[in-house]
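The structure appears right after this line, and notes come after that.
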């Protein structure tokens, strides 16, 4: 009797495992799509131009040192160091009550135990002033397309859509 019950339970278990295994191997996919709305909608933005006013008597200022924890100098990556420099630059701008640190230079080094990266920032704190919309007559479009080239698959001239008019 036990043997017959055991064989029955074993057979049911084997079939159940086979069914589960088969279900795990199955994948399903479904996709539905309707027509894309036409005509294509787009946003055009006129460029905004501003000037930078250097603060603090137009003298280079020093900021920091700012300290950032690391696992070790051996595991420090280029991207981590660039992130620490960006964070230090942000902190320096906040400290100076500035929008930007112009001509920023950095000095980054580890502490004696190699557990921290210390970043010092030097530069000219500045604020953005005299905001205005860019104008062709002022020559803004010429330098904007040089500094910020924009290649568009529909507009192969290299000019931005807003500036091509």
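Residue numbers (our numbering): 617 to 781. Cβ atoms here follow ideal geometry from the backbone N, Cα and C, with glycine treated the same way.
Same chain, Cβ closer than 8 Å to residue 769, neighbours up to 5 away in sequence not counted:
For the purposes of this step, residue 769 is taken as residue 153 along the chain shown, with counting starting at 1. Note that residue 769 has pLDDT 48, beneath the 50 cutoff, so the model's placement of it is unreliable and no number is given.
Range of the contiguous beta strand (DSSP E) that encloses residue 665:
The count along the chain shown starts at 1 and reaches residue 665 at position 49. Per DSSP, residue 665 belongs to the beta strand (DSSP E) from 664 to 670.
Take residue 662 as the anchor and find which of 713, 763 and 757 has the nearest alpha-carbon.
Residue 662 sits at position 46 when you count from the first residue of the chain shown. Of the residues 713, 763 and 757, the one whose Cα lies closest to the Cα of residue 662 is 757.
Spatial neighbours of residue 709 within its chain, please: CB distance less than 6 Å, with the 5 preceding and 5 following residues excluded, ordered by chain position.
The count along the chain shown starts at 1 and reaches residue 709 at position 93. Once the five neighbours on either side are set aside, the close Cβ partners of residue 709 are 717.
Beta carbon of residue 711 nearer than 8 Å to that of residue 723
Numbered from its first residue, the chain shown carries residue 711 at position 95. Numbered from its first residue, the chain shown carries residue 723 at position 107. Not in contact: residue 711 and residue 723 (Cβ atoms no closer than 8 Å).
Can you tell me where the alpha helix (DSSP H) with residue 709 in it begins and where it stops?
Within the chain shown, residue 709 is the residue found at index 93, counting from 1. Unbroken alpha helix (DSSP H) run through residue 709: 694 to 712.
Residue 727 lies in the beta strand (DSSP E); which residues open and close that run?
As a position in the chain shown, residue 727 is number 111, starting the count at 1. Element bounds for residue 727: n/a, residue is neither H nor E.
Residue(s) in a DSSP beta bridge with residue 675:
The count along the chain shown starts at 1 and reaches residue 675 at position 59. According to DSSP, which records beta bridges pairwise, residue 675 is partnered with nothing at all.
Please classify residue 781: does DSSP put it in a helix, a strand, or coil?
The sequence position of residue 781 within the chain shown is 165, counting from 1. Bear in mind that a pLDDT of 47 at residue 781, under 50, signals an unreliable position, so the number given afterwards is only what the model happens to contain. Note: residue 781 maps to coil in three-state DSSP.
Spatial distance of residue 727 from residue 719 (CA atoms):
As a position in the chain shown, residue 727 is number 111, starting the count at 1. As a position in the chain shown, residue 719 is number 103, starting the count at 1. Within the model, the alpha-carbon separation for residue 727 versus residue 719 is close to 26 Å.
Could you tell me whether the Cβ atoms of residue 714 and residue 741 are closer together than 8 Å?
Counted from its first residue, the chain shown places residue 714 at position 98. Counted from its first residue, the chain shown places residue 741 at position 125. Yes, the pair counts as a contact, with Cβ atoms nearer than the cut-off.
So residue 739 packs on residue 676, CB below 8 Å; how close in whole Å?
Residue 739 sits at position 123 when you count from the first residue of the chain shown. Residue 676 sits at position 60 when you count from the first residue of the chain shown. Indeed, because the Cβ distance is near 6 Å, the residues count as touching under 8 Å.
Report the three-state DSSP secondary structure of residue 661 (helix, strand or coil).
Residue 661 sits at position 45 when you count from the first residue of the chain shown. DSSP places residue 661 outside both helix and strand once states are collapsed to three, so it counts as coil.
Secondary structure of residue 758, DSSP reduced to three states
Taking the first residue of the chain shown as 1, we reach residue 758 at position 142. Reduced to three states, the DSSP call for residue 758 is helix.
Sort 644, 679 and 670 by Cα distance to residue 721 and report the nearest one.
The sequence position of residue 721 within the chain shown is 105, counting from 1. Answer by Cα proximity: 679.
For residue 689, three-class secondary structure by DSSP
Here residue 689 corresponds to residue number 73 of the chain shown, with the count starting at 1. Residue 689 falls in the coil class under three-state DSSP.
Cutoff 7 Å; reference residue 701; Cβ partners in own chain excluding five residues on either side
Position 85 of the chain shown holds residue 701. Contacts found: 722, 724 and 735.
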